Structures are given as C-alpha cells and as structure tokens.
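Undergrad: Taken in order, these protein sequences are the chains called A and B. Position in the first sequence (first residue = 1) + 39 = our numbering. Position in the second sequence (first residue = 1) + 39 = our numbering. The structure that follows is given in the form of structure tokens.
Number of protein chains: 2
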Amino acid sequence: VADTRLIGLDWGTSSLRAYRVVAGGELGESRQLPAGILRVVADGGGADGFERCFEQACGDWAAAAPSSPILACGMIGSAQGWREAPYLDVPTNLDALGHALTAVQTRGGAALHIIPGLIDRRALPEVMRGEETQVMGALEHAPPAAADRWFGLPGTHSKWVRVRDRHIVQFHTFMTGEVFAALCGHTILGRTMQQPPAPDLHAFDRGVEVARSWTARTVLSTIFSTRTLHLVGALPAEAQADYLSGLLIGHEVAALEPLAVTGAVVLVGADELCRRYQRALSAFGHAPASIAPDVTPRGLWRIATAAGLVA
Amino acid sequence: VADTRLIGLDWGTSSLRAYRVVAGGELGESRQLPAGILRVVADGGGADGFERCFEQACGDWAAAAPSSPILACGMIGSAQGWREAPYLDVPTNLDALGHALTAVQTRGGAALHIIPGLIDRRALPEVMRGEETQVMGALEHAPPAAADRWFGLPGTHSKWVRVRDRHIVQFHTFMTGEVFAALCGHTILGRTMQQPPAPDLHAFDRGVEVARSWTARTVLSTIFSTRTLHLVGALPAEAQADYLSGLLIGHEVAALEPLAVTGAVVLVGADELCRRYQRALSAFGHAPASIAPDVTPRGLWRIATAAGLVA
C-alpha cells in the first residue's frame, strides 16, 4: 500500500467508507465499517471514539504511506461529528470546496481534512454533507450542452441538486427513503406486507402510475391505497412494499416539475435504487437518466487536487 | 341500569367504547377499555376472545336489561373482527344503514348487531368502519342550507366525508395521525424533539403556514424543515413536534381544495385535535368549522331506531 496517494473517507450517519486512492485518482481499495457517527456518539463519542474508528478503518494505510493526505466528507463535519466544518452558502463554487477544509490533528500526527457541507438559507433551509463531494465526482457525467444540470441522489434523504457553471446553485431534500422505512416498519401499511421472492417492478410501476395520475392528492392520502387495494384483493401482500416504494418515489418525481427539473438527469446512489428512479423518471416523461458510478472517491480526489493536497 | 334502552359499542382497532343509552337516546353511561380488536387477536382471537371482552365491557348492563338491543360499529365488523359485516358501496343512504346489520349470537343469548362499513371502489379504493355512525350522529350539526355537507374526522386515519341528501356520496382518508407518530418515533425528525410544557400553537401555525405557502412541494420534502430550522437555530427542540403537526395537518387541509371542500365544515373527534384543524382550516380561508360532540352514541341510537331495534 506504499502507492497510496490519498486516503479518502465518506463518514456518514450510519456508516464509514474508506478509500485508498492511487496515482491518477484511481481507486486502489475500499472498505466499509458500520462506524457511522451515530454509533460513535452512542459509544461515548469524543475525539477518542473517532480516533479509534479512524485507526480501525485505515490506520494501516496511514502507517504504510505516512505522507498521504487524508480527506473526509459527510456528517463527520457536523456538530455531532469529530470537528464541525462550517457550512458554505449556496450558490457554491465546487472548485472552491478544497479551499474551505477544516483540519483535525490525529493522534498519529497526520491531519484529517474535512470538506464543508452546503447550506441554503434563502427559503426553507436546506443542508447537505457529503453529497457535494458526490456531485463533484459525477460532474463529467452531465451532458455538457445543458446550462443547468440536475443530479438526483436517491437514498434515506434524497437530494436533487442543480448545477450551473460548476456551482451548486440550489438543492432540495426528500425524506423518501426514511419515510418508506417508517411506513413499512411502524404503520398499518406494513402489517400485512410480505417479502417478495424478487423485487416486483410491476407493482413499483403501479405505484408510480398512481402518483402520476393523482398529482392533486397528497401522499398522506394516496399511501392508504397500499392497504385498501390489498383489502379488495387487488394487491397481493408480496407486492405491497414495492407498490408503496413506487408511490413514494412517484410523488418525489412529481414534485420535480415545479422545480423545473429538465434535461437528462444524472443519478448517483445504490444501483438498484437508481434503476427504480430511472423507471419513475421515464414514466413522468423525463429524458433517460444516466447513473454515475463510483463518484465518491473521484470527488474526494478532485477536491484534494483543488486543495493542493495531491499533485 | 334497568332503564337501558340500547347498548351501543364503538369497537375499533385499539379500543372498545361502550355506551348505555336511555330513553330518548340520551347517554346514561359510557366506558372505555383497551380491548381493541388488535388486542383480542393478539390474545388468541376467536369468538371466545370477543365474548370475554364484550362481557367485561357491558355484561352487567345486558344482564340487568336483557331486552336491550346491542348495536356495534367499527373494526369489529372487519375480516379480523368478530363477524365480517360486508361493506356497503357509496353513495350510501345513511338511513338505510339500519337495514343492513349483521347479527352475532352472544353466549348470553342476545344478538349483537354490527353496522356495515362503507367502500368506494370507483377510483383508489376507500374504506371506513365506524365513521359512518359518527357522521349519522353529527348530521344535525351541518348547516341545513348547503347542498353538500363536508364532515372532517381527524385522527390516526383522518376521513373527509361528503354528504348530500342524507347520503354519503364520497370520502377520503389521510394517514396524517399515524404518519405523525411514525415520523416522531422512528425518523431523524424525532431525534431532537423535546416535550413542550404546553402545546405550542404558534409553532403549529408556523407549520400550517409552510404547508400553505409551499403547496407545490410534497410533504416528503417540507417535513425536512423540521430538522433544518432547528439546525439553524430557528426552531427550538420543544417546538419541533407542534411545528411538524401543523405541517402535516396543513398539507391535509391543502389537499381539500382539489376535492372542492366548501361551506362550513363539521369536525368530529378529540377536542384538542379538532381545534387544531379549526386553526388550519381558518388559515386556508375556510368558513369557521364547528365541532360536533358525542356523536357516536347519538349515531348508534339513530341507526337502532331506523333498524326498528328501539321504538
């Protein structure tokens, strides 16, 4: 591991991903630990707790290549993280992220640099931590002709990000993933659900179609059909979860219209989830969306380059 | 208790309410037990389980006045209940509910009559069990001049019911109460919430106002402001729950506009909750809504009268 040029960390709420990046920004190796900041805080928190997780994740890499810079993004820079990295206000020049790093001295002597999150205080406040790095890594996937480029980052808290001239100018959060989990796990909608042998994309498409045809209805109302369609024998227990998934993602995609999301969207996230969003976007008449893979180590490399941490 | 003319039951998912009704339909006495059908089913279910709960709730009333008819509404008539009472399709003549009762023979020899629920199969299916009885009991509260009368029944699953010429012609379910509980209990939004010393109606109104000013935004997105306003220091931990309550109820009330809910609405439900809906309706420019109290025993009495069970 002496060829390490950058140690990159994506340190979020529930997990810690470590990337060993080699010459040219290529990914040499990656690891994932269930050592998100919530776990660290629950275990007592403090600098000691973060030090231990850092050592566990990549102490060997840092020892073998002690001159490698260390760069982290995500909730590790929040008030509950290792060191608070103040937010940058949007619009934010993506190439300037590397000039606003916050450093923590690790016990081993190396500095760990934390990338700032972004905030939009102009209306309902919006915040992100980590997604700015993913967008940085996905920039080359955007169609170069479009003035505005939209990036969709589905997940627990989906983000939709508008980029113009290498600036993040606007973004919006949808709690779709977390709401889905809460509805399945803690409401009547989950009570009858059964795991299908394979994802039921037909049921997913039905949910999307309901969201598309009932745009005047709030999701607070349409979700009840997950139960009533089952009651009348029109939705099997094994199809209820995928139907609800389609319904929620459909409501999210429906809400992109007033945001004037146009052009071919670039999706970033887990592959199976991104493919669901591709289906939903297509059902709503959007241009085919592409999926940008492996964006986080690439984004970390680019920000490290802009910061002068790597040549 | 020899003056009992009707034993009425509102037997729902999580609780069982029993009413002893005396001459003229006046309420003599009421009781509430945590013996909803979910509990009965969890305890083994079956006719024996329902018999035991029935005995416990009002066996003494039935023994003292053995000629009193027994009439029940709610989930007790569902497939998981004591005996399935088939749904009536909307539009449904409220005065005909009494002619569609389903009888169960109790061990004591008396018949327990179950009021049918309603179903609307015309679009996304809608179902109700128990609310038809509450609407029957609230009819006199509706302004007699209006051709269409709207009844709002807020709760775990809010119902909005349109009545014309003593027929329920349309109704819609909003899972507002259950979604609120799931968001507070099982998502990041609840993590920082603290109980206020008293309900914070100012925070509630703020939430309503956000729903009103951002009607193009889905609730999947606006709810995240419960967190971000707190992060930027604009929403104290003690105000987060009432803010979220206002936001969700605001989204529900916003969705009444495409349903063409007009005229002075009649609200039925827990008093504190109904007063929140009054505030939200008023913020959206609706005519002042009234609250109809004690509707369930009155509705049971009227349906018993229509059925010929009481003189």
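Even for Gly, the Cβ is constructed at its ideal location relative to N, Cα and C. Please read all numbers here as calculations on a predicted model, not as lab measurements.
Counting only C-beta atoms, is E171 (chain B) closer than 9 Å to chain A at any point?
TA: No, its Cβ sits nowhere closer than 9 Å to a Cβ of chain A.
Undergrad: Given this structure, state the Cα-to-Cα distance separating I46 (chain A) from T267 (chain A), to the nearest angstrom.
TA: The alpha-carbon atoms of I46 (chain A) and T267 (chain A) are separated by roughly 51 Å.
Undergrad: Name, in chain order, the residues that DSSP records as bridge partners for H290 (chain B).
TA: Partner(s): none; H290 (chain B) has no beta bridge.
Undergrad: What is the DSSP secondary structure of W253 (chain B), reduced to helix, strand or coil?
TA: Coil.
Undergrad: Assess, as a yes-or-no matter, whether the segment 193-210 of chain A is touched by the segment 163-178 of chain A under the definition of 3 or more beta carbon pairs within less than 8 Å.
TA: Flag = yes, the segment 163-178 of chain A and the segment 193-210 of chain A touch.
Undergrad: Do you know how far the Cα of P327 (chain B) is from the Cα of C313 (chain B)?
TA: If I take the Cα positions, the gap works out to 12 Å.
Undergrad: If contact is defined by three or more beta carbon pairs under 8 Å, each pair taking one atom from either stretch, is the segment 150-169 of chain B in contact with the segment 216-225 of chain B?
TA: As far as the Cβ criterion goes, the segment 216-225 of chain B does not touch the segment 150-169 of chain B, which means the pair count is below three.
Undergrad: Apply the 10 Å Cβ neighbour rule to H138 (chain A) and answer buried if 16 or more other Cβ atoms are within range, or exposed otherwise.
TA: Flag for H138 (chain A) reads exposed.
Undergrad: Whose C-alpha, out of A:R203, A:D281, A:T254, A:V271, is nearest the C-alpha of P236 (chain A)?
TA: Out of A:R203, A:D281, A:T254, A:V271, A:D281 has the C-alpha closest to the C-alpha of P236 (chain A).
Undergrad: Candidates B:W340, B:D204, B:T344, B:V349: which alpha carbon is nearest L48 (chain B)'s?
TA: Nearest C-alpha to L48 (chain B): B:W340.
Undergrad: With DSSP as the reference, please indicate the residues paired to W340 (chain B) in a beta bridge.
TA: W340 (chain B) pairs with nothing; no bridge assigned.
Undergrad: Between A:G116, A:T231, A:I154, A:G120, which has its C-alpha nearest T131 (chain A)'s C-alpha?
TA: Residue A:I154 is the option with its Cα nearest to T131 (chain A).
Undergrad: Can you tell me whether D281 (chain B) is helix, strand or coil according to DSSP?
TA: Helix.
Undergrad: Mind listing, in chain order, the continuous alpha helix (DSSP H) runs of no fewer than 4 residues lying wholly within the segment 70-149 of chain B?
TA: List check, alpha helix (DSSP H) in window: 76-81, 85-103.
Undergrad: With 9 Å set as the bound, which would you pick, yes or no: does the beta-carbon of F263 (chain A) sit closer than that to a beta-carbon of chain B?
TA: At least one chain B Cβ lies under 9 Å of F263 (chain A).
Undergrad: Closer than 6 Å by C-beta to R337 (chain A): which residues in its own chain qualify, once you throw out the five before and the five after it? Chain order, please.
TA: Only G176 meet the Cβ criterion.
Undergrad: Since I342 (chain A) meets chain B, which of its residues come closer than 9 Å, beta carbon to beta carbon?
TA: Going along chain B, no residue has its Cβ under 9 Å from I342 (chain A), so there is no contact; the nearest lies around 23 Å.
Undergrad: Would you decide whether E179 (chain A) is buried or exposed? Buried here means 16 or more other CB atoms lie within 10 Å of its CB.
TA: By the neighbour-count rule (16 or more Cβ atoms within 10 Å), E179 (chain A) is not buried but exposed.
Undergrad: Considering only the alpha carbon of each residue, which of A:T254, A:L259, A:V60, A:M232 lies closest to G220 (chain B)?
TA: The residue asked about is misnamed: residue 220 (chain B) is Ala in this sequence, not Gly. Answer by Cα proximity: A:L259.
Undergrad: With a threshold of 8 Å, are at least 3 pairs of Cβ atoms found where one atom belongs to the segment 276-296 of chain A and the other to the segment 221-234 of chain B?
TA: The segment 276-296 of chain A, when compared against the segment 221-234 of chain B, does not touch it at the 8 Å Cβ threshold.
Undergrad: I'd like to know if S260 (chain A) contacts chain B, where contact means its C-beta is closer than 9 Å to some C-beta of that chain.
TA: Yes, because at least one Cβ of chain B sits closer than 9 Å to the Cβ of S260 (chain A).
Undergrad: Taking any Cβ of chain B, which residues in the segment 301-322 of chain A have a Cβ under 8 Å from it, in chain order?
TA: Result list empty, no residue passes.
Undergrad: Is the CB-CB distance between A309 (chain B) and V247 (chain B) below 9 Å?
TA: No, the pair does not count as a contact, with Cβ atoms beyond the cut-off.
Undergrad: Please classify G224 (chain A) as buried or exposed, where buried requires at least 16 neighbouring CB atoms within 10 angstroms.
TA: G224 (chain A) should be labelled exposed.
Undergrad: When we look at the beta-carbon of H241 (chain A) and count the other beta-carbons within 10 Å, is it buried (16 or more) or exposed?
TA: Classification of H241 (chain A): exposed, given that the 10 Å Cβ count is below 16.
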